[in-house]
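Mind the numbering: the sequence shown is residues -5 to 472 in this note's numbering, read in order.
Ideal placement from N, C-alpha and C gives every residue a C-beta, glycine not left out.
Structure record follows, encoded as structure tokens.
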Amino acid sequence: MKRLILIALAVTLALGIIWVPAVAAVEPIPITIHKTIPAGAPIEDFTFEAWRDLNNNGVIDGDDFVVGTVVITGAGTGVIYSTIKGPTIIHEVLVPGSAYQQLPDQIVQVSCEVEVTFNNEAQVQEVGQIVILKKDGAGNALAGATFEISPNPKTGELPALTIVDEGLNDEAIGIPGVLSVSECQVCVTCTVTETVPPAGYTVAPPQTAHVTTAGETVELTFVDTPERGKLIIKKVDGAGNALAGATFVITPDPKTNTGSLTVVDNGLNDECPADGVLCLSELICGLTCTVEETVVPEGYEGAAPQTVTIGDTLELTFVNTQRTPSCGTVCAAQTQPGEYLFDAAQENWFTWIYYNKGWGTEASPKEYPIYTGITQLCGTLYVYDNGNHIFVNYVLTDMNGCTLAGLSEYHLQVDSSLANLKKAVMNKKNPVPGKCEYKGTLDPMVPETGWIEATNDNITSWTTAYIFAHGVGCYYCP
């Protein structure tokens, strides 16, 4: 018999057939598994496998096979029915990323009903914290940023974790500019990226966060620089033509957010060379400023202030309406108002002056006051002679809170005697400017006529000239 068994074994091996020792097949025998977890612990699925330990070595290996499985959700009891007697290994399978520690296998002898208990404790997860500080260049906290942490530091896996200052996933509520995430796994390297900067700022570069030991707090500081914008101020008249010479004050200073900034057309702080166009760059985006015209081009009414929020490139247009000046008579006097009237009974206040030959030169002319409204000093008449020629220059100035628009007309009479002067310009009792020999309309108006040659053919040999110097002066008054 022994020889026959050996021959059968040899034939089996020669044919490549695996020989497995026989196991006893019986009626199903229950293997009852009790599963416990701590109160309040996470609920998971626990899978239990019963392996027949063929070589009786207490370890699941290639010779062993599964005789049954059961899944227990959370704490509970499950039963595996085995039809094979003998030593059996009960093996617990945890879900991926389980919150529990893996328990060792248990070995039971299946001959009749058996029971085993697996007591699982939640595993101690080594975690730390990531704190993000959001600041400006001066170290002040900036609120309102959004960050993305990839991979999610709580799981070590994708998708990334989004954290919003004072919002989604932020654990530092009530501290604007500080964002906190706890329960970050140790040894997970994350990239922290600012995806939404605070209003008016640019994003800072990404940084790496790596919690290396349990309980560690990794602190990252993101410093944002303000976005920079441009402001273009256009100064035009009602027809859209550029007007030069304006000055504006911008509050607060759009470059620093403090004080005020003055910008002068083609002058202080103006970055554009064109008349009527004022440019500023490197301004803080998102800053709300008031732009006020403080110096208006001559002859125009100022425009109302404007309030703007600085952006990438912002353009403002200030439209000035032309002012209408008030015009009135101006007249030269010898030294003071009303000093030399043409007639004691005259009804107007026009005066004449006299000039002695040699009193003035072009370099140092004789000066006479010019008045308007009878007594208001408004300029100077300059006179000099050269041979038999008289030269006169009207110069008007601002006066009494009024801004000069200019001289629009002049009327000039020069004679060698007072009698001849009166004869030339008088109409009954009053001198009449329209009767003057030298006259002109000035368009545009001017503050100064320049030298006017006033030569009367009757003057060939003389020592004193008598002059009537009249004009129309125009002013912008409050």
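Using a Cβ-Cβ cutoff of less than 7 Å, which residues in the same chain neighbour residue i once the five nearest sequence positions on both sides are dropped?
| i | result |
| --- | --- |
| C372 | V324, I364, Y365, T366, L390, T391, M393 and G467 |
| G209 | G122 |
| G131 | V217 and T219 |
| T315 | G232, Y294 and E295 |
| Q103 | P81 |
| V158 | T140 and D164 |
| H383 | E447 and T449 |
| D247 | G253, S254 and L255 |
| C106 | I23 |
| V290 | A240, G296 and N314 |
| N263 | L255, T256, V257 and L274 |
| W456 | K351 and S410 |
What does the Cβ neighbour count give for residue i, buried or exposed, with the cut at 16 atoms within 10 Å?
| i | result |
| --- | --- |
| D259 | buried |
| Y460 | buried |
| V14 | With a pLDDT of 44 at V14, under the threshold of 50, the modelled position of this residue cannot be trusted, and the question is left open. |
| I308 | Looking at the sequence shown, residue 308 is not Ile but Leu. Buried is the call here. |
| V89 | exposed |
| Q95 | exposed |
| N380 | exposed |
| A413 | exposed |
| N114 | buried |
| L0 | Here L0 scores only 38 on pLDDT, less than 50, and its place in the model should not be relied on; the value that follows carries that caveat. Exposed, by the Cβ-count rule. |
| A268 | exposed |
| V212 | buried |
| V5 | A caution first: V5 carries a pLDDT of 37, below 50, which makes its placement in the model unreliable, though a value can still be read off. By the 10 Å Cβ count, V5 comes out exposed. |
| G428 | exposed |
| D337 | exposed |
| D409 | buried |
| Q330 | exposed |
| K422 | exposed |
| I227 | buried |
| F199 | The displayed chain sequence assigns Pro, not Phe, to residue 199. With fewer than 16 Cβ atoms within 10 Å of its Cβ, P199 is classed as exposed. |
| T345 | buried |
| A327 | buried |
| P472 | exposed |
| L162 | exposed |
| G354 | buried |
| K128 | buried |
Can the beta-carbon of residue i be found closer than 8 Å to that of residue j?
| i | j | result |
| --- | --- | --- |
| T41 | V110 | no |
| A137 | E160 | yes |
| L214 | L277 | no |
| Y388 | G465 | yes |
| C279 | R222 | yes |
| G332 | I368 | yes |
| V172 | L155 | no |
| Y334 | P359 | no |
| A135 | P191 | no |
| T282 | T303 | yes |
| E38 | S92 | yes |
| Y469 | T374 | no |
| I124 | I143 | yes |
Using a Cβ-Cβ cut-off of 6 Å (strictly less than) and excluding sequence neighbours within five positions of residue i, which residues of its own chain qualify?
| i | result |
| --- | --- |
| V243 | S254, T256, E286 and T288 |
| T63 | E43 |
| N424 | Q340, E341 and N342 |
| G270 | K229, A236, L237 and A238 |
| I474 | Outside the shown range of the chain (-5 to 472) lies residue 474, about which nothing can therefore be said. |
| G68 | I37 |
| F312 | K229, E287 and A297 |
| D306 | G223 |
| L(-2) | Only weak support exists for where L(-2) lies, its pLDDT of 39 falling under 50; the coordinates are left without a value. |
For residue i, collect the residues of the same chain with a Cβ closer than 8 Å to its Cβ; drop the 5 residues on either side in sequence, then sort them by chain order.
| i | result |
| --- | --- |
| T202 | T183, C184, T185 and V186 |
| I101 | D47, G52, P81, T82, I83 and I84 |
| C430 | H405, L406, Q407, A418, V419, F462 and H464 |
| L152 | S144, P145 and N146 |
Quick check: is any heavy atom of the ligand ZN less than 7 Å from the C-beta of residue i?
| i | result |
| --- | --- |
| T30 | You won't find the ligand ZN in this model; it holds no ligand whatsoever. |
Is there contact between the region 71 to 86 and the region 25 to 35, where contact requires at least three CB pairs shorter than 8 Å? yes
Say whether the region 141 to 154 touches the region 223 to 237, bearing in mind that this needs 3 or more beta-carbon pairs closer than 8 Å, one atom from each stretch. no
The region 401 to 410 contacting the region 437 to 444, beta-carbon criterion three pairs below 8 Å: yes
Suppose only complete runs of 4+ residues qualify. What are the alpha helix (DSSP H) ranges in the region 30 to 62, listed by chain order? none
Suppose only complete runs of 3+ residues qualify. What are the beta strand (DSSP E) ranges in the region 314 to 339, listed by chain order? If we require 3 residues or more, the beta strand (DSSP E) runs fully inside the region 314 to 339 come out as 320 to 326.
Just list the beta strand (DSSP E) runs in the region 264 to 304, keeping only unbroken ones of 3 residues or longer that don't cross its boundaries, in chain order. 271 to 278, 282 to 289 and 300 to 303
Length at least 3, wholly inside the region 337 to 421: the beta strand (DSSP E) runs in chain order: 347 to 350, 360 to 366, 370 to 380, 383 to 390 and 397 to 409
Could I get the ranges of all uninterrupted beta strand (DSSP E) runs contained in the region 66 to 146, with 3 residues as the minimum, in chain order? 70 to 78, 80 to 87, 100 to 104, 108 to 113, 121 to 129 and 140 to 144
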